[in-house]
Amino acid sequence: MPWHVALALAVTAFGLVLRFLHARSFLSAGHASDYESAMERVRWMITHRRLFDAGEDLHVGYHAPLWYVLAAAIFTVCHAVRPIAYLSVGAWLVRQAVLAKIVRAALPQRPVAGLLALSLSAVLPISVLVDGKIYNEGLHAAFFSVALWFLYKIERQGAVDLRSVQRRDALAFGVSAGLALLTKTTALVLLGCFVALLVFWAWRAGARRFRTVARPLAELALAGAAGWIAIAGWWCLRNYRKFGHPFPHQYVLRHLAVMRNHPIVGEPLLYRRPIGWVLPVQFDWLAWPYGPWSRPNFWANLIAGTWSDILNRGLCRSRLPGPTVAAWRDATLVNHPCLNASRACIWIGCFLTAISLYGMFSLLRQFVGSRGRNGSLVVPASIAATVLLLMLFGIAYPFDHHPVIKANYALGAAMPLCACFAFALAALGRTAFGRVAESLVALGIAAVGALVALQVLVL
């Protein structure tokens, strides 16, 4: 077995142990974010023996049903709550396997870059936190990653000739994207990425060659749409017939009540948030990792939430004696060692995030410069579209009394971001600078892994 494969298996085992121990010992009372509302819907389904929908008097009853069906089945068979959390643990293994396939297919000559990306995925704090919980984010991210893998395969197969694209891969993309949508509506961005790729190929062909690509483009579009409709079409049609919208949200269905309690929703869209909310100009979170901060800011929630548990929802159990500080509107207490560990993770995380962003833009630049023959459109687009969707939601509903924007809502972007991390390291090449960068990255990931392990096991 090659050394890099052995190390990849070792870091994956380390990440699995962290998540398993977290799932096995999570604290439901006051720490497990949305635990009570999730289990309320699971018990509701078992009692009523049917699917809920956005019209039910349930907190976030508009959620897609797949995770709740599986959770209800596990609860019915096991007669226990905790095994449901293992569904999230298994979902992370799927994401790790997909990441391994992408970096192995794209960077066969740069095993170190792939290994470091897998290591980052194993210890990413938001992933360890969410992948040990009872909630739908982990399963959604797994289906999201599988769909993106098939979409990336399609992109690479059609890099030169669209006739090389396998129609069964387009069908598989549609099926997995449909499963992702049945888990969480955020998966709509996958369809957007698919359409963007088809539109790019049509543009690349130009008016003269469009006839030669029209048929393969149509076949790909039909295969992807057929798979998606076969899996998720019934749910969208059900919602449309009942609510007049394929993806109803409780804020839309209860618009008058929302307006009554939050008049700001009635103001023009661009009036709802100050410009500073959408710009990375707020840095309180570098010193204080627990929200909310002095001024609401989108990037504070997203970046700090990726590298620390900003709501204090159970990543750190505060087992050690000693002084504590109040976190998230004085709702929970956290000890000083955990606070310091979170601070350190955020500082290191900023460095690692910058590398992922460099890889993201590098992939897109290569794709555009080579007219689709190198780089990637769908990997960066899946990240950007997810972040943009969250930003637009936070602008539409500017509620800062509770976290409408959380990093775990973007968990589907974690796998493509880790892939971009590998691409960035590979782009640095086999130079002295590249080797120094790999060494610094390895130290940073090891430090984050140690800090996360301390939070889960000791602090």
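In the working numbering, the protein residues as written are 3 to 461. We put the beta carbon where it would ideally sit given N, CA and C, even for glycine.
Determine the contact status of residue i and residue j, defining contact as a CB-CB distance below 9 Å.
i: Ser123; j: Cys420; result: yes
i: Ala234; j: Gly278; result: no
i: Ala56; j: Pro250; result: yes
i: Leu392; j: Ala119; result: no
i: Thr185; j: Leu95; result: no
i: Arg375; j: Ala161; result: yes
i: His24; j: Leu453; result: no
i: Met47; j: Ala10; result: no
i: Pro400; j: Val254; result: no
i: Gly293; j: Ser129; result: no
i: Pro127; j: Val389; result: no
i: Ala228; j: Gly176; result: yes
i: Leu101; j: Ser147; result: yes
i: Gly226; j: Leu173; result: yes
i: Ala343; j: Ser121; result: no
i: Asn314; j: Trp330; result: yes
i: Ile447; j: Val125; result: yes
i: Leu304; j: Arg345; result: no
i: Asn192; j: Leu153; result: Note on identity: in this sequence residue 192 is Leu, with Asn being the wrong assignment. For Leu192 and Leu153, yes; Cβs fall inside 9 Å.
i: Leu68; j: Asn138; result: yes
Bridge partners of residue i, per DSSP?
i: Ala329; result: Thr334
So, at 6 Å on beta carbons, what are the nonlocal neighbours of residue i in its own chain, with the 5 sequence-adjacent residues on each side left out?
i: Ala93; result: Gly140, Leu141, Ala144
i: Ala136; result: For the record, residue 136 in the displayed sequence is Ile; it is not Ala. Around Ile136: Tyr37, Ala40, Ile86, Ala87.
i: Ser166; result: Gln159
i: Gly351; result: Trp309
i: Arg112; result: Ala428
i: Val215; result: Leu164, Ala207
Could you check how far apart the C-beta atoms of residue i and residue j are, in whole angstroms? I think they sit under 8 Å.
i: Asp311; j: Leu131; result: 6 Å
i: Gly194; j: Ala387; result: 6 Å
i: Ile156; j: Asp133; result: Between Asp133 and Ile156 the Cβ distance is about 27 Å, and since that is not below 8 Å, they are no contact.
i: Tyr70; j: Arg43; result: 5 Å
i: Glu440; j: Val114; result: 6 Å
i: Ala328; j: Leu20; result: No, Ala328 and Leu20 are not in contact; Cβ-Cβ is about 26 Å, not under 8 Å.
i: Val62; j: Gln252; result: 7 Å
Looking at chain C, is there any beta carbon in it that lies within less than 9 Å of the beta carbon of residue i?
i: Ala40; result: Structure shown: chain C not included; a single protein chain is present.
Who are the near neighbours of residue i in its chain, counting only those whose CB is closer than 7 Å to its CB and skipping five residues on each side?
i: Gly396; result: Phe300, Val406, Ile407
i: Pro339; result: Leu322, Leu461
i: Thr326; result: Ser320, Leu335, Val336, Asn337
i: Leu365; result: Gly377, Ser378, Val381, Pro382, Cys422, Phe425
i: Thr187; result: Ala66, Phe249
Report all residues from its chain with a CB closer than 8 Å to the CB of residue i; omit the five preceding and five following residues, and keep chain order.
i: Ile385; result: Met362, Ala415, Pro418, Leu419, Cys422
i: Asp402; result: Pro294, Pro298
i: Lys103; result: Trp151
i: Arg373; result: Arg206
Original post:
Where in the segment 37-98 do unbroken runs of the beta strand (DSSP E), each at least 3 residues long, occur, reported from the N-terminal end onward?
Top reply: none
Original post:
If you scan the segment 88-167 from start to end, which runs of the beta strand (DSSP E) of 3 or more residues do you find wholly inside it?
Top reply: none
Subject >> Ranges of the alpha helix (DSSP H) found wholly within the segment 225-265, counting only runs of at least 4 >> reply: 252-255, 257-263
Subject >> Start-end ranges of the alpha helix (DSSP H) lying completely within the segment 314-393, minimum 4 residues >> reply: 338-371
Original post:
If you scan the segment 177-206 from start to end, which runs of the beta strand (DSSP E) of 3 or more residues do you find wholly inside it?
Top reply: none
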